[in-house]
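Protein chains in written order, with the working numbering: chain A, 1 to 207; chain B, 208 to 449.
Comments concern the structure below.
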Amino acid sequence: MRRWAALALLCLLPALALGAERRYAHIEKAEISGLERAENFGILYGAQWGTYLLTQRETIRERGSFENWHKNPARPHFDFDGLSFNLIGHSIVGQFYYQYYRSRGYGEAAAFLWSVFSSSAFEFTIETTTERPSFQDLYQTPVFGSLVGMGFERLSLFFHSQEIWPARVLGYLFNPFSLLPGSHYGFTAAPVPNPKAPGVALLWRLP
Amino acid sequence: MSAWRVARVALALLPALSPVLLPSLAAHAGNPVEANPPKPGAGFDFAPEEDPARERFKADHWSRGLHLLAGLGANTSFYRSDAEDAPVAAGVGWATAAGYVFTPSVMLEISSNVGLRRLKRAAIWDTVFGPGVRFRLPWVSSPAHTSLYGRAFTGWGMEVRYPYGSGERTHVTGPVGGLGGGILQGTARGTVWFAEVVGYVHFFQHRYRVQQSGDLPSVVGERPVVTETGAALTVSVGILVF
Numbered sequence: 001m002r003r004w005a006a007l008a009l010l011c012l013l014p015a016l017a018l019g020a021e022r023r024y025a026h027i028e029k030a031e032i033s034g035l036e037r038a039e040n041f042g043i044l045y046g047a048q049w050g051t052y053l054l055t056q057r058e059t060i061r062e063r064g065s066f067e068n069w070h071k072n073p074a075r076p077h078f079d080f081d082g083l084s085f086n087l088i089g090h091s092i093v094g095q096f097y098y099q100y101y102r103s104r105g106y107g108e109a110a111a112f113l114w115s116v117f118s119s120s121a122f123e124f125t126i127e128t129t130t131e132r133p134s135f136q137d138l139y140q141t142p143v144f145g146s147l148v149g150m151g152f153e154r155l156s157l158f159f160h161s162q163e164i165w166p167a168r169v170l171g172y173l174f175n176p177f178s179l180l181p182g183s184h185y186g187f188t189a190a191p192v193p194n195p196k197a198p199g200v201a202l203l204w205r206l207p
Numbered sequence: 208m209s210a211w212r213v214a215r216v217a218l219a220l221l222p223a224l225s226p227v228l229l230p231s232l233a234a235h236a237g238n239p240v241e242a243n244p245p246k247p248g249a250g251f252d253f254a255p256e257e258d259p260a261r262e263r264f265k266a267d268h269w270s271r272g273l274h275l276l277a278g279l280g281a282n283t284s285f286y287r288s289d290a291e292d293a294p295v296a297a298g299v300g301w302a303t304a305a306g307y308v309f310t311p312s313v314m315l316e317i318s319s320n321v322g323l324r325r326l327k328r329a330a331i332w333d334t335v336f337g338p339g340v341r342f343r344l345p346w347v348s349s350p351a352h353t354s355l356y357g358r359a360f361t362g363w364g365m366e367v368r369y370p371y372g373s374g375e376r377t378h379v380t381g382p383v384g385g386l387g388g389g390i391l392q393g394t395a396r397g398t399v400w401f402a403e404v405v406g407y408v409h410f411f412q413h414r415y416r417v418q419q420s421g422d423l424p425s426v427v428g429e430r431p432v433v434t435e436t437g438a439a440l441t442v443s444v445g446i447l448v449f
């Protein structure tokens, strides 16, 4: 029951975003240089390795090997994961890839394409330490992830447009990459130290 | 290293990163007491709102490039031979297709159909996907801003059966082939909708019994399936996402 509820939430929540104000919007970058693209991909690739090593220590200890790492890329297959892992888990991971590239100023199609590259890089060069690349993951992570990411991005902008603290928090929960420095959204957030009093204020500003 | 320890290390490193982070933050954040705040949009390299040179995808003229379609719908499947349950199942599902348009009438794509259905004694999660082609049917007359299309695909499918009250599930796999057709219609705001009917045949070849222990599935039994075939009919309505 819980997984059906999670699926319904993934599909229906973004509908709320239809009421988002236009001034809260993604700002597409006119041109992204090859160096920037390599840098963006590299940062995410490093984060993928870091997350994998931190969260899969047990699996790596039990089933990981260097032999797997260089033999598995040539042996993709259909995995036997369950519904919640394949549909919900991979969609959520994929939406992080998509939102990361969006926050760097990529258009929707470009963010999707780079999500495909990042997802493939994970399947063929990271996860192969413990398992063979999965055809389902190669398709579902970027495709379903981008669709969820588009919905969550709109939902995040809707929450930000309410301009109240609790909604701001939800806005960042649905799109944490809008907190990154230089995120390409119609607003920015930054901690500003007050020299006259202890503490830090978090301020938002529309461009 | 625990997650809490990682968080503490990250917090400790923040001051060291501040020379990198703060100039970037300052460029965009501004300060309310600044005498000369930056101009609106400073720090961003805006793309034009609507690039006139960029060709838009229209129902009756497909623009060259990468496109994604997604829709929701209903599906029903029919089983032949040694199916141990009801011969017909119905449920909901969704369809996606990511493809590249090479000419205004042809898109090569990788598509997917996911169906969630119920039988008397099991729930079914069916996934098929593979390469295919989607092509306009310009010789069939259709109203303005509308076009009919056909599609064909092949690939692989995996039907997962979750028997009620059992800790095990069964994965049945095999090649898939399908045909379909639909209609594309553009709205005044530029959104392109589609409605399509797709039928496919799934030739079941292997049946695996799978147990889940934590995150890891393990195959506890396998046998070839030689007589079983499944056919499904899906109806989907959706939009061109980009």
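Note that the Cβ used here is the ideal one computed from N, Cα and C, for glycine as well.
Here the structure is a predicted model, which is why all the values come from computation and not from measurement.
- Across the structure, B:Ala439 and B:Pro382 are spaced so that their CA atoms are roughly 13 Å apart.
- Within the same chain, no Cβ atom closer than 6 Å to the Cβ of A:Thr125 is found once the five residues on either side in sequence are excluded.
- Interface flag for B:Ser420 against chain A is unset, since no Cβ pair is found closer than 8 Å.
- When 7 Å is used as the limit between beta carbons, B:Ala277 is near these residues of chain A: Leu147, in chain order.
- Taking 8 Å as the cut-off, the beta carbon of A:Ile27 is found no closer than this to the beta carbon of A:Gly145.
- Taking C-beta separations shorter than 7 Å and ignoring five residues to either side along the sequence, the partners of B:Val313 in its chain run Val340 and Phe342, following chain order.
- Under the 8 Å criterion on CB atoms, A:Val143 is classed as interfacial with respect to chain B.
- For B:Pro424, the nearest CB of chain A lies under 8 Å from its own CB, placing it at the interface with that chain.
- Here the alpha carbons of A:Val93 and B:Ser420 stand approximately 22 Å from one another.
- Three or more Cβ pairs closer than 8 Å define a contact, and the segment 389-407 of chain B meets that threshold against the segment 349-361 of chain B.
- For B:Gly337, there is no enclosing alpha helix (DSSP H); the residue is part of the beta strand (DSSP E) that begins and ends at Ala329 to Arg343.
- Across the structure, B:Gly300 and B:Gly322 are spaced so that their CA atoms are roughly 4 Å apart.
- Put simply, the backbone Cα of B:His413 is about 14 Å away from that of A:His77.
- Going by DSSP, B:Val399 is part of the beta strand (DSSP E) stretching over Val399 to Phe410.
- Note on geometry: alpha-carbon atoms of B:Ala266 and B:Ile446 lie some 11 Å from one another.
- For B:Tyr415, a Cβ of chain A is located within less than 8 Å of the residue's own Cβ.
- B:Val442 and B:Ser319 have their C-alpha atoms roughly 13 Å apart.
- In terms of beta-carbon proximity, B:Met314 stays away from the interface with chain A, with every pair separated by 8 Å or more.
- Listed along chain B, no residue sits closer than 9 Å to A:Asp137 by beta-carbon distance, the nearest being about 12 Å off.
- Interface flag for B:Leu273 against chain A is set, since a Cβ pair is found closer than 8 Å.
- Close partners of A:Gly82 in chain B (Cβ separation under 9 Å): Trp332, Val367, Tyr369, Arg376, Val417, Gln419 and Pro424.
- At a cut-off of 8 Å between beta-carbon atoms, A:Phe96 makes no contact with chain B.
- Put simply, the backbone Cα of B:Gly362 is about 39 Å away from that of A:Ser183.
- Pairing A:Gly89 with B:Arg324, the inter-Cα distance amounts to about 21 Å.
- Beta-bridge partners of B:Glu375 (DSSP): B:Gln418.
- Membership of A:Ser119 in the alpha helix (DSSP H) is indicated by the continuous run Glu108 to Thr125.
- For the segment 297-311 of chain B, the beta-carbon criterion of a distance under 7 Å to any beta-carbon of chain A is satisfied by Thr303 and Ala305.
- For B:Phe410, the nearest beta carbon of chain A is not closer than 8 Å to its own beta carbon.
- B:Phe360 sits in a strand when the DSSP states are folded into three classes.
- As computed with DSSP, B:Ile390 is found in a beta bridge with B:Leu355 and B:Ala402.
- Residue B:Tyr407 holds the alpha-carbon nearest to the alpha-carbon of B:Thr436 among B:Ala402, B:Phe360, B:Pro311 and B:Tyr407.
- One alpha carbon belongs to B:Lys327, the other to B:Val405, and they sit about 25 Å apart.
- Between the alpha carbons of A:Arg168 and A:Pro176 lies a gap of roughly 11 Å.
- Contact residues of the segment 91-116 of chain A toward chain B are Glu108, Ala109, Phe112 and Leu113 (C-beta to C-beta distance below 7 Å).
- With a cutoff of 8 Å on beta-carbon distance, A:Phe122 and B:Asp422 are scored as not near each other.
- The Cβ atoms of A:Glu153 and A:Arg104 do not sit closer than 8 Å to each other.
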